[in-house]
Amino acid sequence: MPNRTFETYIFALFNEDLKPSTSERNFGLFRPDLQPVYDVGLLRNPQSAVPTPSPLMGKTWCVPKADATDGALQSNIDFVCGSGVVDCKPIQDGGPCFQPDTVRSHAAYAMNAYYQATGRNDFDCDFVDTGVVTTFDPSKFH
């Protein structure tokens, strides 16, 4: 809205990845290194609104932590598949990634698909401290 004045409320200036729930995480305008998360028109030089990959070089994957419970992993599946960001048909019955039919395996697919689709940022793999970024291809272990 060029040349217009309006009131607005900014929920958070910086992303807060230490919030206890997922409902208030990553609402900030800036990452801790002052790189913008979203282009909301506050900067003088326009920035790309497309998320940039994390500084990790090479291929990275998001996998469940070893101590993550099945209940927490099922919550991750529900979140990812309900977000509309990822197509979860491959882990549904009859899908190419349905086997092995375990919550951990399905969560690994869903969590990594979400991580890859949202820009491979570390915070996209947190999942309430149940995910971890790895440089080892998890498909090589099946």
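Going by full-length UniProt numbering, the first residue of the sequence shown is number 1, and it counts up by one from there. All C-beta atoms in this analysis are idealised placements derived from N, C-alpha and C, irrespective of residue type, glycine included.
Note the first and the last residue of the continuous alpha helix (DSSP H) segment covering residue i.
i           : result
residue 80  : 70-83
residue 103 : 103-117
For residue i, list the residues DSSP reports as bridge partners.
i           : result
residue 133 : 62
Closer than 7 angstroms by C-beta to residue i: which residues in its own chain qualify, once you throw out the five before and the five after it? Chain order, please.
i          : result
residue 73 : 64, 103, 104, 107 and 130
Near residue i, which residues of its chain fall below 8 angstroms by C-beta distance, leaving aside the five closest residues on each side in sequence?
i           : result
residue 140 : none
residue 117 : 85 and 86
With burial defined as no fewer than 16 other Cβ atoms inside 10 Å of the residue's Cβ, what is the status of residue i: buried or exposed?
i           : result
residue 66  : exposed
residue 126 : buried
residue 120 : buried
Which residue from the options puts its Cα closest to that of residue i?
i           : options          : result
residue 31  : 123, 7 and 113   : 123
residue 137 : 61, 120 and 80   : 61
residue 133 : 81, 4, 59 and 70 : 59
Excluding the 5 residues preceding and the 5 following residue i in the sequence, name in chain order all residues of the same chain whose CB lies nearer than 6 angstroms to its CB.
i           : result
residue 113 : 86
residue 70  : 103
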